[in-house]
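**Q**
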Amino acid sequence: MTDFFHLRSTCSSCGHVQDMPLNIRTYDCPECGLSIDRDRCASINLRKRVCNSEVSSECKTHSRNAVGLTVDACGRSAADSSGESRK
Numbered sequence: 326m327t328d329f330f331h332l333r334s335t336c337s338s339c340g341h342v343q344d345m346p347l348n349i350r351t352y353d354c355p356e357c358g359l360s361i362d363r364d365r366c367a368s369i370n371l372r373k374r375v376c377n378s379e380v381s382s383e384c385k386t387h388s389r390n391a392v393g394l395t396v397d398a399c400g401r402s403a404a405d406s407s408g409e410s411r412k
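With the sequence shown counted from 1, adding 325 to any position gets you our numbering.
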């Protein structure tokens, strides 16, 4: 299963980990220079961890985007995994 530790304190660009007190809202990476909202950083890290884990092949969460294409939680078209679009 995916490890959810350090989602907000790990740089979503280079992987550098630093202390992130709750009152600090922006992640500023001293290694690569990335500056990003800490919650946005966490969401990018979460997506990377889930989509690179054994869970990703079992993603059953689907949603519709603005043009009606069905995609899974990792952003792949439903047609990519089954050969046909699910609606």
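Glycine included, every Cβ here is placed at the ideal spot set by N, Cα and C.
Rounded to whole angstroms, what is the Cα-Cα separation between HIS331 and LEU359?
**A** Along the sequence shown, read from residue 1 onward, the residue named residue 331 stands at position 6. Along the sequence shown, read from residue 1 onward, the residue named residue 359 stands at position 34. Spanning the two alpha carbons is a distance of roughly 17 Å.
**Q** Note down the Cα distance separating CYS336 from ILE349, rounded to an integer number of angstroms.
**A** Mapped onto the sequence shown, residue 336 falls at position 11. Mapped onto the sequence shown, residue 349 falls at position 24. For CYS336 and ILE349, the distance between alpha carbons rounds to 14 Å.
**Q** Below 8 Å on the Cβ atoms is my guess for THR351 versus ARG333; work out the distance and round it to an integer in Å.
**A** Taking the first residue of the sequence shown as 1, we reach residue 351 at position 26. Taking the first residue of the sequence shown as 1, we reach residue 333 at position 8. Their Cβ separation, rounded to whole angstroms, is 11 Å, which puts THR351 and ARG333 out of contact at 8 Å.
**Q** Threshold first: 4 residues or longer. Then list the alpha helix (DSSP H) segments lying entirely within the stretch 326-378, N to C.
**A** If we require 4 residues or more, the alpha helix (DSSP H) runs fully inside the stretch 326-378 come out as 363-376.
**Q** Using the Cα positions of HIS341 and VAL375, report the straight-line distance between them to the nearest angstrom.
**A** Stepping through the sequence shown from its first residue, residue 341 is reached at position 16. Stepping through the sequence shown from its first residue, residue 375 is reached at position 50. Spanning the two alpha carbons is a distance of roughly 19 Å.
**Q** Starting from the Cα of PRO355, find the closest Cα among ARG372, ARG365, ASN370 and GLN343 and give me that residue.
**A** One-based indexing of the sequence shown puts residue 355 at position 30. Closest option to PRO355, Cα to Cα, is GLN343.
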